[in-house]
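K.L.:
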Amino acid sequence: MSVTTQKKRPLSRYIKDYKHSQTHCLHCHKTLDRISLVFNGQVINKEAISEMTELVDDKTWSELQGKFVALCRFCSEIYCNSQTDYFDIMSFKQYLFEQTEMSHSTVREYVVRLRRLDELLTSSNYPANEFTPEKIQEQLSEKLSQSAFSNYNIALRKYEQYLSWQQGSH
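Residues 10 to 179, numbered by the working numbering, are exactly what the sequence shown covers, in order.
1. Assign P142 to one of three DSSP states: helix, strand, or coil.
2. Classify L41 as helix, strand or coil using the three-state DSSP reduction.
3. Judging by CA-CA distance, which residue of I24, P136 and H36 is the nearest neighbour of E60?
4. Could you work out which residue in D26, K76, H113 and D66 is closest to K55 when comparing CA atoms only?
5. Taking just the CA atoms, how far does Y161 sit from L126?
6. Under 7 Å: does the beta carbon of S114 sit that close to some heavy atom of the ligand ZN?
7. Should L123 go down as buried or exposed, given a rule of 16 or more other Cβ atoms within 10 Å for buried?
8. So the beta strand (DSSP E) F83 belongs to, where does it begin and stop?
9. If you draw a straight line from the alpha carbon of R22 to that of L64, how long is it in whole angstroms?
10. Could you spell out the range, first to last residue, of the alpha helix (DSSP H) harbouring Q175?
11. Could you check what DSSP says for F101 in three-state terms: helix, strand or coil?
12. Is the distance from the Cβ of W174 to the Cβ of Y95 below 8 Å?
13. My output table needs one value for H113: the three-state DSSP class, helix, strand or coil.
14. Who are the Cβ neighbours of L130 in its own chain at under 6 Å, not counting the five residues just before and after it?
15. What number of angstroms, rounded off, separates the C-alpha of Q51 from the C-alpha of C89?
16. Please confirm whether K68 and Q15 have their CB atoms less than 8 Å apart.
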């Protein structure tokens with residue numbers, strides 16, 4: 010009776026090999042120059058990977074591999090920190106990438122503005138049941154300089170386009 014033993018390697022080795030094999034961001038499909046590896050919704054860094062010394066076989070790795078997501082730095086920031094009270098940042102970002110011809114940097118600007126706007130609304134305890142673009146624009150125009158208002162207003166209008174698209178496609 011022969012017993013076959015599967016070769017085991019440190020989990021960190023599997024993860025490093027996986028990380029180096031990824032070429033495109035799973036969300037925006039941008040070619041990866043720098044990668045953020047996400048495991049169960051958390052970005053894992055080099056130090057955390059190097060501490061994963063548990064020996065695993067190919068079968069175990071095959072089961073674990075699906076829990077890893079390779080993202081660009083921008084998408085990982087949104088993916089792991091997208092808890093907002095007023096806007097669906099993840100879906101908005103995907104809409105901008107898939108339904109518009111915007112550059113990566115322009116999408117980033119819109120997302121950053123909406124996140125800041127969400128923080129502003131949250132910090133002022135803006136009632137969620139009164140959340141309409143018109144009321145928000147009115148409140149923003151009273152609190153912000155003309156330049157800042159204009160920047161937020163542009164992002165808010167783009168978000169309105171996303172909402173219209175979303176309603177039309179469902």
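Ideal Cβ positions, reconstructed from N, Cα and C, are used throughout, including at glycine.
P.N.:
In short, the structure shows the following:
1. Within the sequence shown, residue 142 is the residue found at index 133, counting from 1. Three-state DSSP puts P142 in a helix.
2. Here residue 41 corresponds to residue number 32 of the sequence shown, with the count starting at 1. The answer is coil: DSSP assigns L41 none of H, G, I, E or B.
3. Taking the sequence shown and counting its residues from 1, one reaches residue 60 at position 51. Closest in alpha carbon position to E60, among I24, P136 and H36, is I24.
4. Taking the first residue of the sequence shown as position 1, residue 55 is located at position 46. For K55, the nearest C-alpha among the options comes from D26.
5. As a first step, residue 126 is located in the sequence shown; it is residue number 117 there, counting from the start. As a first step, residue 161 is located in the sequence shown; it is residue number 152 there, counting from the start. Those two C-alpha atoms are separated by around 7 Å.
6. As for the ligand ZN, it is missing from this structure, which has no ligand bound.
7. Stepping through the sequence shown from its first residue, residue 123 is reached at position 114. Classification of L123: buried, given that the 10 Å Cβ count is 16 or more.
8. Taking the sequence shown and counting its residues from 1, one reaches residue 83 at position 74. Note, F83: premise wrong, no beta strand (DSSP E); alpha helix (DSSP H) at R82 to C89.
9. The residue given as residue 22 occupies position 13 in the sequence shown. The residue given as residue 64 occupies position 55 in the sequence shown. Distance between the alpha carbons of R22 and L64: 10 Å.
10. Reading the sequence shown from its first residue, position 166 is the one you call residue 175. Taken as a continuous stretch (DSSP letters only), the alpha helix (DSSP H) holding Q175 covers Q155 to S178.
11. In the sequence shown, residue 101 corresponds to position 92, counting from 1. Look at F101 here: in three-state DSSP terms it is helix.
12. Translated into the one-based positions of the sequence shown, residue 174 becomes position 165. Translated into the one-based positions of the sequence shown, residue 95 becomes position 86. Y95 is positioned such that its CB atom lies no closer than 8 Å to that of W174.
13. As a position in the sequence shown, residue 113 is number 104, starting the count at 1. Residue state, collapsed to three classes: helix.
14. By one-based count along the sequence shown, residue 130 stands at place 121. Correct list, in chain order: Y95.
15. For this step, residue 51 is matched to residue 42 along the sequence shown. For this step, residue 89 is matched to residue 80 along the sequence shown. For Q51 and C89, the distance between alpha carbons rounds to 6 Å.
16. Working through the sequence shown from its first residue, we reach residue 68 at position 59. Working through the sequence shown from its first residue, we reach residue 15 at position 6. When the beta-carbon positions are compared, K68 and Q15 come within less than 8 Å of each other.
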